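This report concerns only the one structure given below.
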Amino acid sequence: MTPSVALVDNELLNSLIAKIEVMGIRFEQISKELNETKSPYMDTQAVMEYTGFKKTWVNDNKHKIGYRMVGGELRFKRKEVESFMEESNFNSRKK
Numbered sequence: 012m013t014p015s016v017a018l019v020d021n022e023l024l025n026s027l028i029a030k031i032e033v034m035g036i037r038f039e040q041i042s043k044e045l046n047e048t049k050s051p052y053m054d055t056q057a058v059m060e061y062t063g064f065k066k067t068w069v070n071d072n073k074h075k076i077g078y079r080m081v082g083g084e085l086r087f088k089r090k091e092v093e094s095f096m097e098e099s100n101f102n103s104r105k106k
């Protein structure tokens, strides 16, 4: 049996290569996002992004949320931030 050879148009081949490159870039972005969201600890910036509050609010409420100082920087456990937000949301609805 003779192996068959298929000719592929260069334009089609270049288009497929470009699509694969775009998919690779998107994969890297999604991987980075997943790694960031899976981290059990958050810095002040991550808490700001998660809650939508400003740095002043995060600093004023750090004792209510629960925090640790690591290398002179504030660190929050993701689960504690999530719990704080859920409880705060629930309590504000009860009033």
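Per the numbering used here, the sequence shown starts with residue 12, numbered consecutively. All C-beta atoms, glycine included, are put in the ideal place defined by N, C-alpha and C. All figures in this text were calculated on a predicted structure; none of them were measured in a lab.
Exercise. Between the region 83 to 98 and the region 47 to 65, do at least 3 Cβ pairs fall closer than 8 Å?
Worked result: In short, these stretches touch, since the Cβ pair count reaches three.
Exercise. Where do the ends of the alpha helix (DSSP H) carrying Lys66 lie?
Worked result: For Lys66, the uninterrupted alpha helix (DSSP H) run begins and ends at Lys66 to Asp71, by DSSP.
Exercise. With respect to the beta strand (DSSP E) encompassing Val58, which residues constitute its N-terminal and C-terminal limits?
Worked result: That residue, Val58, is in no beta strand (DSSP E); its alpha helix (DSSP H) goes Thr55 to Thr62.
For this session: Kindly give me the distance between the Cβ atoms of Ser26 and Arg89, rounded to whole angstroms, as I take these residues to be in contact under 8 Å.
Result: Not really, about 41 Å apart at Cβ, beyond 8 Å.
Problem set entry | Val16 - containing beta strand (DSSP E), residue span | No beta strand (DSSP E) contains Val16, which DSSP labels as neither H nor E.
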